[in-house]
Amino acid sequence: MTIPRSPDKAEAGRRGARRFELADIEATQRLAQALAAFLRPGDTIALHGDLGAGKTALARALVQARQSAEGLPVEEVPSPTFTLVQTYELTEFVIWHFDLYRLSAPEEAVELGLEEAAQGVALIEWPDRLGPLLPAARLDLRLAFGNSEDMRLVTLEGSTDWAERLAALEAP
Numbered sequence: 003m004t005i006p007r008s009p010d011k012a013e014a015g016r017r018g019a020r021r022f023e024l025a026d027i028e029a030t031q032r033l034a035q036a037l038a039a040f041l042r043p044g045d046t047i048a049l050h051g052d053l054g055a056g057k058t059a060l061a062r063a064l065v066q067a068r069q070s071a072e073g074l075p076v077e078e079v080p081s082p083t084f085t086l087v088q089t090y091e092l093t094e095f096v097i098w099h100f101d102l103y104r105l106s107a108p109e110e111a112v113e114l115g116l117e118e119a120a121q122g123v124a125l126i127e128w129p130d131r132l133g134p135l136l137p138a139a140r141l142d143l144r145l146a147f148g149n150s151e152d153m154r155l156v157t158l159e160g161s162t163d164w165a166e167r168l169a170a171l172e173a174p
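According to our numbering, the sequence shown is numbered sequentially starting from 3.
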């Protein structure tokens, strides 16, 4: 199995950009819950943002929301900073949560199970570390600091297969 390579941005068919201002962590969790309902096997969500912007908090809320929605026990969702990847077995698919901050080369992600993750849902923190291995079909979720300590500005932009889902996404 090969990982689809990213074409340049013009070819990627980026659609449906949405922007939200999240007042606090609870708003971030509500956004994650809304996104969790839209997940499908084969999805990749690239989580962009500076250290402390909330990538792991959003991923944690997304995993837990999906577990809860499926009637599964809600697990602790630790940051994969040191393990580099954590997996969560759901009814329909497996969520793979990657933190690629410590990678020195894109090829190292293949050893972590990036190809296997393509069968489930991949949440990828520090996706720029993948270089050309970052799948073109993905949702780019960018978190930035807002005007207050707890506020975050979020931009979501997806490939063509995400456009309809993003259009249906309600503000948290």
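Positions of the beta carbon are idealized from the N, C-alpha and C atoms, including for glycine.
Any contact of the stretch 141-150 with the stretch 102-117, i.e. 3+ C-beta pairs under 8 Å? no
Would DSSP call TRP128 helix, strand or coil? coil
If you draw a straight line from the C-alpha of ASP52 to the C-alpha of TYR90, how long is it? 25 Å
Can the beta-carbon of ASP152 be found less than 8 Å from the beta-carbon of ALA59? Result no, Cβ atoms of ASP152 and ALA59 do not sit closer than 8 Å.
Compare the C-alpha of ARG20 against each of HIS99, LEU158, GLU72 and name the closest. LEU158
Given that a residue counts as buried once 16 or more other Cβ atoms are within 10 Å of its Cβ, and exposed if not, what is ALA34? buried
With a threshold of 16 other CB atoms inside 10 Å of the CB of SER8, please say whether the residue is buried or exposed. Unreliable positioning characterises SER8 in this predicted model, as indicated by a pLDDT of 41, which lies under 50. A coordinate reading is not provided.
Looking at C-alpha atoms only, which residue of TRP98, ASN149, LEU171 is the closest neighbour of ASP48? Here residue 48 turns out to be Ala, not Asp, going by the sequence shown. Residue TRP98 is the option with its Cα nearest to ALA48.
If we count the other Cβ atoms within 10 Å of its Cβ and call it buried at 16 or more, is SER150 buried or exposed? Classification of SER150: exposed, given that the 10 Å Cβ count is below 16.
Quick test of your reading: PHE100 and VAL79, contact by CB under 8 Å. State the CB separation rounded to the nearest angstrom. Incorrect: roughly 13 Å between the Cβ atoms, too far for contact.
Span of the beta strand (DSSP E) around VAL87: 87-91
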